[in-house]
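Last residue of the sequence shown? That's 1754 in this note's numbering, and every number before it is there in order.
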Amino acid sequence: MPEYYSRKDKAYSRNIGVDFCRAIVAYFGKLYESEYFSASFPSLVGVQNPLRDINMAIKQELGADLNLFQREYYTPPTTLDLIVFFYQFVSKPINYDIYDEDAGKAEYTKIINNMFDQFKLLFFLDNGLIKELKSEILDEAILKLDFIIPDAEVEKLIRQAIEKFYSRDADERIIAVEKIVDAYERIATLEDKDKKKSLQKMYDKIIAGDSAKGKILKDDFTLAWNSAHDFTIRHKGTDRALLQDKDCVEYLFYTYFNIVRFILVKYEYTKKSE
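See the structure below:
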């Protein structure tokens, strides 16, 4: 699916809008007309009331009398329930009376997940179950961006990093780590063009003589600096470790984002509460 202009700058969230619910019902209608449900509901073929069995199954499993396709859209919880419901019954028509269930489910899953992406929703369909993308607690700070980004290039890097981090493409998530590390290294020159000198000055300014705080932050600052050079993040030499572990990628992204946020908040680049 293309990225439409109206959603270009929309932030990822868990708030499901009417637009998504309407689009999902339209997709169900397309599947129905293309006989993707006919293997599970044979009465769909040549019967005067082809929706009867589907509506009965919905009522039996969801306890809801929905009268499918009589409404343009349903509530967000019902819409998610319907996504799970139809996964059970979808099969791809191959020829007359021949259906491929595995191909149908794979296609259905791919299209539903593409729609979650297009509407910038933090959900995905996995083996017939709706799951939330990433961590609800950790993502809250990322998605609300409650700090001011003082440099236009840093802001661009951070927004690109967030966009790519929530992609379902593993390569895009690696690029997200590269972008957030780029942002970190630009911020690392707040005090001096020499990064090492600047980091030391920033460190001294932030801890303000607090040795206990200093020990913790020294370790984190050192970890962030070393990780940027020990993994294939910014430097592509053959002696660098590869970011093939998805958990490692996620850990590094959250680590660098939190350090960037921490530095900017400590430098009082914070948004005022409305």
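Here a beta-carbon is modelled for each residue, glycine too, at the ideal position from N, C-alpha and C.
- Taking A1663 as the centre and dropping the five residues before and after it, the same chain places the C-beta of V1634, L1637, I1638, A1641, Y1736 and V1740 closer than 8 Å to its C-beta, in chain order.
- Secondary structure at I1687: helix, using DSSP grouped into helix, strand and coil.
- The C-alpha of Q1568 is placed about 21 Å away from the C-alpha of Y1576.
- The C-alpha of A1544 lies about 33 Å from the C-alpha of S1647.
- Taking the C-beta atoms as reference points, K1624 is found no nearer than 8 Å to K1644.
- Taking 8 Å as the cut-off, the Cβ atoms of I1563 and I1496 do not count as close.
- Setting aside the 5 residues that flank it on each side, K1746 is surrounded in the same chain by I1686, each with a C-beta closer than 6 Å to its C-beta; the list follows chain order.
- Looking at G1584, E1671, K1675 and A1656, the one whose alpha-carbon comes closest to that of E1665 is K1675.
- If you ignore the 5 residues before and after F1596, its C-beta comes within less than 7 Å of the C-beta of F1603 and F1604, all in its own chain and listed in chain order.
- A distance below 8 Å separates the beta carbons of K1681 and D1672.
- P1573 carries a strand assignment under DSSP once its states are collapsed to helix, strand and coil.
- Taking C-alpha positions only, D1626 is separated from E1587 by approximately 38 Å.
- Looking only at R1653, Y1683, T1669 and K1698, the smallest Cα-Cα distance to Q1724 is reached by R1653.
- Excluding sequence positions up to five before and after S1707, its CB lies within less than 7 Å of the CB of L1732, all in the same chain and listed in chain order.
- Between F1500 and L1601, the CB-CB gap stays under 8 Å.
- Taking the C-beta atoms as reference points, D1580 is found no nearer than 8 Å to K1590.
- Residue nearest to L1744 within the set G1694, D1631 and F1566 is D1631 (criterion: CA-CA distance).
- Between T1558 and C1728, the alpha-carbon positions lie close to 35 Å from each other.
- Around the beta carbon of I1696, fewer than 16 other beta carbons lie within 10 angstroms, which makes this residue exposed.
- Per DSSP, reduced to three states, the secondary structure at E1612 is strand.
- Straight through space, the alpha carbons of K1726 and Y1683 are spaced by roughly 30 Å.
- Unbroken beta strand (DSSP E) runs of no fewer than 3 residues, entirely contained in the segment 1581-1653, are found at 1603-1606 and 1609-1612, following chain order.
- Taking the CA atoms as reference points, Y1507 sits about 31 Å from I1622.
- CA-CA distance, D1533 to Q1598, rounds to 32 Å.
- Taking 8 Å as the cut-off, the beta carbon of F1701 is found closer than this to the beta carbon of L1679.
- The beta carbon of T1555 sits closer than 8 Å to the beta carbons of C1501 from its chain, once the five residues preceding and following it are set aside; these are given in chain order.
- Boundaries of the alpha helix (DSSP H) around R1741: K1726 to K1746.
- Around the beta carbon of I1578, fewer than 16 other beta carbons sit within 10 angstroms, so the residue counts as exposed.
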